[in-house]
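Asks: Can you keep this structure in mind? I'll have questions shortly.
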Amino acid sequence: MEKQSRDHLSKLLEKILSEESDLIARWIEEIKNEIERRKKLGNLLLEQIELDKERIYPELYRIPWETGYKGSADERKTQLESELLRLHKEEREQKWRTWRNTTDLKRELMRLLIEYKRSTRIKKIIGDEDGD
2 MEKQSRDHLS KLLEKILSEE SDLIARWIEE IKNEIERRKK LGNLLLEQIE LDKERIYPEL
62 YRIPWETGYK GSADERKTQL ESELLRLHKE EREQKWRTWR NTTDLKRELM RLLIEYKRST
122 RIKKIIGDED GD
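The opening position of the sequence shown corresponds to residue 2 in our numbering, with each subsequent residue numbered one higher.
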């Protein structure tokens with residue numbers, strides 16, 4: 002009777018640990034996919050920033066550089082330079098956000114990997130006890 006009860010508890014615990022391991026494994030895959038999605042999104046945003054910069058540079062270089070040429074030309078040059086500075090700043094911020102987001106996700110991934118390993122070890126120990 003006691004062995005039967007112990008076998009039942011052991012099987013129940015093994016089932017719970019299997020479900021936990023499966024769930025953690027799914028979360029691990031979701032986080033891996035999310036890391037890739039965020040990297041792709043970050044790269045897409047950086048590409049858009051680069052396209053904006055590529056649009057501005059030729060226009061900036063078409064403006065005559067002589068001072069006092071035309072007030073409107075000087076004003077337009079200043080606007081374009083300001084926009085370039087803003088885009089460079091946005092580019093740096095986007096790189097930082099992508100790094101921060103992926104680093105946070107990688108930390109979570111490591112935490113889940115440790116949990117998964119713990120869960121599978123316990124499951125293995127319980128399985129070995131059944132073989133005694």
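Cβ atoms here follow ideal geometry from the backbone N, Cα and C, with glycine treated the same way.
1) Distance, Cα to Cα, Leu-61 vs Lys-78?
2) Since I believe Tyr-117 is in contact with Ser-22 (beta carbons under 8 Å), could you give me their beta-carbon distance rounded to a whole number of angstroms?
3) For Ser-14, collect the residues of the same chain with a Cβ closer than 7 Å to its Cβ; drop the 5 residues on either side in sequence, then sort them by chain order.
4) Tell me the DSSP secondary structure of Pro-65 in three-state form.
5) Whose CA, out of Glu-37, Ile-50 and Asp-8, lies closest to the CA of His-89?
6) In angstroms with no decimal places, state the Cα-to-Cα distance between Glu-45 and Glu-94.
7) Tell me the rounded alpha-carbon separation between Arg-38 and Leu-114.
8) Using the beta-carbon count (16 or more within 10 Å), is Leu-52 buried or exposed?
9) Please confirm whether Lys-4 has its beta-carbon closer than 7 Å to some beta-carbon of chain D.
10) Between Ala-74 and Glu-84, what straight-line distance do the alpha-carbon atoms span, to the nearest angstrom?
Replies: Quick answer:
1) By 1-based counting over the sequence shown, the position of residue 61 is 60. By 1-based counting over the sequence shown, the position of residue 78 is 77. Approximately 6 Å, taken between the alpha carbons.
2) Looking up residue 22 in the sequence shown gives position 21. Looking up residue 117 in the sequence shown gives position 116. Contact holds; Cβ gap of about 6 Å.
3) Here residue 14 corresponds to residue number 13 of the sequence shown, with the count starting at 1. It should be noted that the sequence gives Leu, not Ser, for residue 14. Counting only Cβ-Cβ distances below 7 Å, and skipping sequence neighbours, we find Ile-127.
4) Position 64 of the sequence shown holds residue 65. Coil, per DSSP.
5) Along the sequence shown, read from residue 1 onward, the residue named residue 89 stands at position 88. Nearest option by C-alpha distance: Ile-50.
6) The residue given as residue 45 occupies position 44 in the sequence shown. The residue given as residue 94 occupies position 93 in the sequence shown. According to the sequence provided, residue 45 is Leu. The question's Glu does not apply to it. Answer to the nearest angstrom: the Cα atoms are 14 Å apart.
7) Within the sequence shown, numbered from 1, the residue matching residue 38 stands at position 37. Within the sequence shown, numbered from 1, the residue matching residue 114 stands at position 113. Each residue's alpha carbon lies about 20 Å from the other.
8) Locating residue 52 in the sequence shown gives position 51, where the first residue counts as 1. Burial state of Leu-52 is exposed, judged by a 10 Å Cβ sphere holding fewer than 16 other Cβ atoms.
9) Any reference to chain D falls outside this structure, which holds one protein chain only.
10) Within the sequence shown, numbered from 1, the residue matching residue 74 stands at position 73. Within the sequence shown, numbered from 1, the residue matching residue 84 stands at position 83. Using only the alpha carbons, I get a separation of about 15 Å.
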